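Respectively, the protein sequence lines represent chains A and B. Taking numbering that gives the first Met the number 0, the leading residue of the first sequence gets 0, the next gets one more, and so forth. Taking numbering that gives the first Met the number 0, the leading residue of the second sequence gets 0, the next gets one more, and so forth. No residue lacks a Cβ here, since even glycine has one placed at the ideal position from N, Cα and C. These figures come from a predicted structure and were not determined experimentally. Structure first, then comments.
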Amino acid sequence: MLEIKNLSKYYGNIKAVDDLSFKVSPGKIFGLLGPNGAGKSTTIKTIINVIKPNDGEILFDGKPINEQFLNRIGYLPEERGLYKKSKVIDVIVYLARLKNLNYNEIISKANLWLEKLGVTELRNRKIEELSKGNQQKIQFICAVIHNPDLLILDEPFSGFDPINQQEIKNFILDFLDSGKSIILSTHQMDTAEKLCADILLLNNGKSVLQGSLQEIKQKFGGNHIRVNLNGDENILSSFSEVISYEVYSNLIDIHLTDNISPSDFLRKLVQRVSVNHFSIVEPTLEKIFIDTIKNEKSK
Amino acid sequence: MKKALIVAKWEFIEKVKSKAFVISLFLTPLLIIFFSVAPTLLMQSEESETTVIGVLDFTNNYFEQLSSDLESQKLKNNTPAYLVRNLFTDKLAKDSVIVNSDLLVLNKKIDGYLIIEKTNSDSLIFNYRSKSVGNFKLTSILEKSINNIYMKQTLASRNIDTSVIDLLKNRIDINSVKIKQPGEEGESEFLTTFFSSMIFILLLMMMIIYSGQMLVRSLLEEKSNRLIEILVSSCSPNELLLGKILGLSFLGLAQIFVWVLIGIAAVGSAIVSYSSFANLPIVLFYFLLGYLFYTSLFVGIGSIVSTEQEAQQITSYLSIILVLPIVFLLSAMQNPDSTLVGFFTYVPFTLPSVMIMKANLLEISFLEHLIATLIMFISTTIVVFLSGKIFRIGILSYGKMPSLKELKFWLKE
Chain A
0 MLEIKNLSKY YGNIKAVDDL SFKVSPGKIF GLLGPNGAGK STTIKTIINV
50 IKPNDGEILF DGKPINEQFL NRIGYLPEER GLYKKSKVID VIVYLARLKN
100 LNYNEIISKA NLWLEKLGVT ELRNRKIEEL SKGNQQKIQF ICAVIHNPDL
150 LILDEPFSGF DPINQQEIKN FILDFLDSGK SIILSTHQMD TAEKLCADIL
200 LLNNGKSVLQ GSLQEIKQKF GGNHIRVNLN GDENILSSFS EVISYEVYSN
250 LIDIHLTDNI SPSDFLRKLV QRVSVNHFSI VEPTLEKIFI DTIKNEKSK
Chain B
0 MKKALIVAKW EFIEKVKSKA FVISLFLTPL LIIFFSVAPT LLMQSEESET
50 TVIGVLDFTN NYFEQLSSDL ESQKLKNNTP AYLVRNLFTD KLAKDSVIVN
100 SDLLVLNKKI DGYLIIEKTN SDSLIFNYRS KSVGNFKLTS ILEKSINNIY
150 MKQTLASRNI DTSVIDLLKN RIDINSVKIK QPGEEGESEF LTTFFSSMIF
200 ILLLMMMIIY SGQMLVRSLL EEKSNRLIEI LVSSCSPNEL LLGKILGLSF
250 LGLAQIFVWV LIGIAAVGSA IVSYSSFANL PIVLFYFLLG YLFYTSLFVG
300 IGSIVSTEQE AQQITSYLSI ILVLPIVFLL SAMQNPDSTL VGFFTYVPFT
350 LPSVMIMKAN LLEISFLEHL IATLIMFIST TIVVFLSGKI FRIGILSYGK
400 MPSLKELKFW LKE
């Protein structure tokens with residue numbers, strides 16, 4: 000288990016990370032979310048020992064991180080790229096050697112992974128000859144080939160087509176089954192919502208929302224319904240029970256006040272307009288994200 | 000340490016495999032040998048055609064002697080080296096004779112002509128007029144010949160025995176001999192010394208500039224695609240730094256090895272004289288020390304760039320710092336014992352070049368070698384330490400290059 004205690008990192012007067020504490024439990028995906036410049040990258044870089052924090056502790060299985068710990072992390076940075084002029088297998092061997100794997104082990108594992116991802120024929124090609132998606136696959140292999148205990152993925156799905164995204168998603172879930180910890184940093188809220196069990200929402204280097212996704216949704220719960228109306232949606236603004244609503248192409252998400260139950264509201268609604276669809280929904284992570292960040296800004 | 004070796008191996012193998020490296024490996028020494036040997040060969044090569052020289056002797060004193068003197072010189076194939084034509088005529092005014100003679104040169108009837116005349120104060124003036132003024136060989140032959148004739152005539156006019164005159168004609172040359180051990184002589188000829196020192200110093204410069212550029216470029220690639228973050232999440236920045244320095248040093252060694260082979264081949268085929276390589280171990284030793292010092296410097300400074308332009312800028316600045324000492328060395332060659340050279344012997348930036356030069360010119364005491372080695376060792380350690388500090392932060396900062404103030408801050412951290 001990875002434990003971060005009171006982590007702080009300053010660049011001059013700017014607090015990139017400010018007194019941050021969290022735990023990453025094994026067998027779960029930990030979502031590190033936040034707008035651009037919130038301090039996600041800085042947090043990740045301190046964990047992987049690239050940046051030294053000004054303050055705080057990083058513990059793995061209860062012990063402070065050391066050189067040995069580096070061999071147990073897999074890291075997939077947001078901006079991708081490998082040695083363009085080098086051969087696929089050479090790059091994999093080099094990066095895996097740095098994780099203390101021996102040569103024979105690397106070769107057999109590399110062959111296995113290349114086959115799993117369906118890119119065996121690229122083994123002896125140069126990186127620059129590969130398509131962007133295939134380059135990403137090779138980089139993914141480099142991040143996981145040493146079977147790390149902690150896998151840190153920064154926007155792992157960007158640049159992949161939906162089929163490859165699904166494939167990578169499955170590999171990530173496989174990883175979880177064997178009891179590994181995963182930190183996932185992303186802007187894609189729908190992905191985070193589907194994959195993450197625990198969430199940390201960062202803004203200006205501070206934690207603004209933290210806990211299991213379920214808890215957060217309950218806490219933010221509120222009264223959310225989804226409808227499809229046969230008529231003008233502007234009518235919604237005339238209901239005092241409607242706090243806000245968002246119109247999508249054929250659906251409307253409505254946030255109701257707590258003092259009315261969804262079924263009572265439906266009764267009131269059908270008196271004014273015909274309703275094609277009605278359902279009770281949980282707030283999306285995206286909505287929670289946007290509302291929270293907006294709240295923070297208005298403070 | 001183990002990881003540093005993995006990095007070193009990677010840096011070495013990937014760079015050895017690159018086409019640019021292979022090309023420079025063979026091209027550089029060939030170019031240097033060509034440019035250092037070709038002029039000497041050209042200068043030494045005898046002319047294969049007879050040179051036609053005109054003489055316009057207004058004093059009427061020199062033509063006979065000069066023409067017999069010059070025409071007695073033969074080319075390899077036994078044809079006369081010079082053909083001397085008398086251009087003097089008293090039928091025309093001086094100015095028109097000169098115009099006519101100039102025409103002969105321009106129409107390629109003669110290669111050039113010598114005007115001999117007296118000034119009002121009775122001293123003599125010699126002018127050689129031709130299409131080009133760069134023929135040092137011909138003018139020096141003419142000078143020698145004229146001087147001999149002048150001396151003979153002057154002495155003869157004072158009734159001095161002709162045998163004495165012949166004795167005086169023999170010029171005295173001084174051979175410089177380098178003392179190796181008491182009673183033991185080392186050979187020393189200024190030109191060979193000059194060229195061999197210069198070749199080694201030039202090679203050192205080119206190798207440092209070339210591998211420095213390669214290093215900065217590869218660092219830039221690693222930075223721009225964030226590979227550096229993967230590397231630093233696998234090994235410490237110091238291991239990475241050490242690995243890169245080691246890898247480049249192996250690369251340097253491989254390069255030297257190939258160049259020495261080429262050098263031996265060149266000696267074998269008598270293109271370069273053996274004496275150019277007499278001090279090879281010492282030269283190579285300082286070559287390596289210098290290479291290591293500058294490579295460490297390049298790693299530190301190279302880590303702060305984050306665009307291609309900055310990389311070019313910074314490598315060209317460093318190249319200038321590297322090349323400037325050469326200018327100074329050119330004059331230092333003439334007096335390797337001077338205090339200024341002594342001073343530069345103790346500056347790590349110039350020490351390797353100065354020692355390479357000195358090794359070919361004079362005997363260096365063991366103490367001096369020891370001090371020089373210590374200086375390089377200590378200063379390289381300091382540079383590695385400082386580079387390490389800059390490197391650690393530099394490789395992870397993107398965007399603009401840091402100001403000097405920021406660099407100071409980095410060094411303190």
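query = In this structure, what does DSSP give as the bridge partners for A:Val-241?
reply = The count along the first sequence starts at 1 and reaches residue 241 of chain A at position 242. Paired residue(s): A:Leu-255.
Reduced DSSP secondary structure (H/G/I, E/B, other) of A:Gln-154 = Counted from its first residue, the first sequence places residue 154 of chain A at position 155. Position check: residue 154 of chain A holds Glu in this sequence, whereas Gln was assumed. Coil.
request  = Identify every residue that forms a DSSP beta bridge with B:Thr-50.
outcome  = Numbered from its first residue, the second sequence carries residue 50 of chain B at position 51. B:Thr-50 pairs with B:Tyr-81.
inquiry  = Quick check on the DSSP output: the alpha helix (DSSP H) that includes A:Gln-165 runs from which residue to which?
reply    = The count along the first sequence starts at 1 and reaches residue 165 of chain A at position 166. A:Gln-165 -> alpha helix (DSSP H) spans 161-176.
message = The beta strand (DSSP E) that contains B:Leu-113, what's its start and end?
response = Looking up residue 113 of chain B in the second sequence gives position 114. From DSSP, the beta strand (DSSP E) with B:Leu-113 extends over 111-117.
key: Contact list for A:Ile-72 against chain B, beta-carbon separation under 8 Å   = The residue you call residue 72 of chain A lines up with position 73 of the first sequence. Per Cβ cutoff of 8 Å: Ser-232.
ask   = Can you pull the DSSP bridge partners for B:Leu-123?
value = Counting from one through the second sequence, the residue named residue 123 of chain B turns up at place 124. The partner list for B:Leu-123 (beta bridge, DSSP) reads B:Lys-117.
key: Continuous alpha helix (DSSP H) assignments of at least 4 residues falling wholly in the region 201-251 of chain B   = 226-231
ask   = Which bits of chain A does B:Arg-225 rub up against, with CB to CB less than 8 Å?
value = The residue given as residue 225 of chain B occupies position 226 in the second sequence. Pro-76, Glu-77, Glu-78, Arg-79 and Gly-80, listed in chain order.
ask   = Considering only the beta carbon of each residue, do B:Gly-262 and B:Gly-393 sit closer than 9 Å?
value = Locating residue 262 of chain B in the second sequence gives position 263, counting from the first residue. Locating residue 393 of chain B in the second sequence gives position 394, counting from the first residue. Cβ distance not < 9 Å, so B:Gly-262 and B:Gly-393 don't count as in contact.
key: Simplified DSSP state of A:Leu-201, which is helix, strand or coil   = Taking the first sequence and counting its residues from 1, one reaches residue 201 of chain A at position 202. DSSP places A:Leu-201 in strand when its eight states are reduced to three.
request  = Using a Cβ-Cβ cut-off of 9 Å, state whether A:Tyr-9 counts as contacting chain B.
outcome  = To locate residue 9 of chain A, count along the first sequence from 1; it is residue 10. It does not; no Cβ of chain B falls within 9 Å.
ask   = If you measure beta-carbon to beta-carbon, which residues of the region 86-112 of chain A are closer than 7 Å to chain C?
value = In the structure shown, chain C does not exist; the protein chains are A and B.
query = Who are the neighbours of B:Trp-9 on chain A, taking C-beta pairs under 7 Å?
reply = The residue given as residue 9 of chain B occupies position 10 in the second sequence. Simply Tyr-93.
request  = Mind reading off the beta-carbon distance from B:Lys-18 to B:Leu-250? Whole number of angstroms is fine, and I expect it under 8 Å.
outcome  = Your numbering for residue 18 of chain B matches position 19 in the second sequence. Your numbering for residue 250 of chain B matches position 251 in the second sequence. Their Cβ separation, rounded to whole angstroms, is 15 Å, which puts B:Lys-18 and B:Leu-250 out of contact at 8 Å.
task = Kindly list, in the order they appear in chain B, the residues whose Cβ is closer than 7 Å to that of A:Val-49.
result = If you number the first sequence from 1, residue 49 of chain A lands on position 50. Glu-228, Val-231, Ser-232 and Leu-395, listed in chain order.
request  = Find the residues of chain A that neighbour B:Pro-13, judging by a C-beta separation of less than 9 Å, and give them in chain order.
outcome  = Within the second sequence, the letter at position 14 stands for residue 13 of chain B. The sequence as given places Glu at residue 13 of chain B; Pro does not occur at that position. In chain order: Tyr-82, Lys-84, Ser-85, Asp-89 and Tyr-93.
ask   = Cα-Cα, which of B:Glu-228, B:Asp-160 and B:Lys-143 is closest to B:Asn-169?
value = The sequence position of residue 169 of chain B within the second sequence is 170, counting from 1. The shortest Cα separation from B:Asn-169 among B:Glu-228, B:Asp-160 and B:Lys-143 belongs to B:Lys-143.
message = Distance check for A:Lys-218 and A:Ala-142, CA to CA, integer angstroms please.
response = Along the first sequence, read from residue 1 onward, the residue named residue 142 of chain A stands at position 143. Along the first sequence, read from residue 1 onward, the residue named residue 218 of chain A stands at position 219. Going from the Cα of A:Ala-142 to the Cα of A:Lys-218 covers about 35 Å.
key: Reduced DSSP category for A:Lys-4 - H, G, I as helix; E, B as strand; rest coil   = Start at 1 with the first residue of the first sequence, and residue 4 of chain A comes out as number 5. Strand at A:Lys-4.
inquiry  = For a contact defined as C-beta to C-beta under 7 Å, what are the partners of B:Lys-2 on chain A?
reply    = Within the second sequence, residue 2 of chain B is the residue found at index 3, counting from 1. Leu-97, listed in chain order.
ask   = A:Lys-298 to A:Ile-259, Cα distance in whole Å?
value = On the first sequence, position 299 is the one that residue 298 of chain A refers to. On the first sequence, position 260 is the one that residue 259 of chain A refers to. A:Lys-298 and A:Ile-259: Cα-Cα distance of roughly 28 Å.
ask   = Would A:Ile-151 pass as a contact of A:Tyr-74 if the rule is Cβ separation under 9 Å?
value = Residue 151 of chain A sits at position 152 when you count from the first residue of the first sequence. Residue 74 of chain A sits at position 75 when you count from the first residue of the first sequence. Yes, they are a contact pair.
task = Using a Cβ cut-off of 9 Å (strictly closer), state whether B:Phe-5 contacts chain A.
result = In the second sequence, counting from the first residue as 1, residue 5 of chain B sits at position 6. Note on identity: in this sequence residue 5 of chain B is Ile, with Phe being the wrong assignment. Judged by the 9 Å Cβ criterion, B:Ile-5 is in contact with chain A.
message = Comparing C-alpha positions only, which one of B:Leu-369, B:Tyr-316, B:Gly-387 and B:Ser-235 sits nearest to B:Ala-418?
response = Since the first residue shown for chain B is 0 and the last is 412, residue 418 of chain B is missing from the structure and cannot be characterised.
key: Secondary structure, beta strand (DSSP E): runs of 3+ residues fully inside the region 11-61 of chain A   = 13-23, 28-32 and 54-59
key: Proximal chain A residues relative to B:Ser-235, where beta-carbon distance stays under 9 Å   = Within the second sequence, residue 235 of chain B is the residue found at index 236, counting from 1. Chain A residues near B:Ser-235: Asn-48, Glu-66 and Leu-69.
task = Alpha carbon to alpha carbon, how far is B:Ile-5 from B:Phe-11? Give it in angstroms, no decimals.
result = In the second sequence, residue 11 of chain B corresponds to position 12, counting from 1. In the second sequence, residue 5 of chain B corresponds to position 6, counting from 1. About 10 Å.
query = Quick check: the region 194-203 of chain A against the region 23-31 of chain A, are there 3 or more CB pairs under 8 Å?
reply = yes
key: Reference A:Glu-77, options A:Leu-250, A:Val-274 and A:Glu-154, closest by Cα   = As a working mapping, residue 77 of chain A is identified with position 78 in the first sequence. Comparing Cα-Cα distances from A:Glu-77 to each of A:Leu-250, A:Val-274 and A:Glu-154, the minimum goes to A:Glu-154.
inquiry  = Between B:Ser-17 and chain A, is any beta-carbon pair separated by less than 9 Å?
reply    = Counting from 1 along the second sequence, the entry for residue 17 of chain B is found at position 18. Chain A contact via Cβ: present.
query = Ordered along the chain, which non-local residues of its own chain (more than five positions away) have a Cβ less than 7 Å from that of B:Val-51?
reply = Residue 51 of chain B sits at position 52 when you count from the first residue of the second sequence. Closer than 7 Å at the Cβ level, and outside the excluded window around B:Val-51, lie Leu-82, Arg-84, Ile-109 and Asp-110.
One or two residues paired with A:His-223 in a DSSP bridge = Start at 1 with the first residue of the first sequence, and residue 223 of chain A comes out as number 224. Bridge pairing for A:His-223: A:His-254 [DSSP].
ask   = So A:Tyr-74 is in the alpha helix (DSSP H); what residue range does that whole segment cover?
value = As a working mapping, residue 74 of chain A is identified with position 75 in the first sequence. No alpha helix (DSSP H) holds A:Tyr-74; the beta strand (DSSP E) holding it covers 72-75.
request  = State whether the region 290-298 of chain B contacts the region 242-261 of chain B, with contact taken as three or more CB pairs (one from each stretch) at a distance under 8 Å.
outcome  = Contact between the region 290-298 of chain B and the region 242-261 of chain B is present, with at least three C-beta pairs closer than 8 Å.
query = Thinking C-alpha only, which one of B:Leu-113, B:Ile-281 and B:Leu-230 is nearest B:Ile-363?
reply = What you label residue 363 of chain B is simply residue 364 of the second sequence in a count that begins at 1. Looking from the CA of B:Ile-363, the closest CA among B:Leu-113, B:Ile-281 and B:Leu-230 belongs to B:Ile-281.
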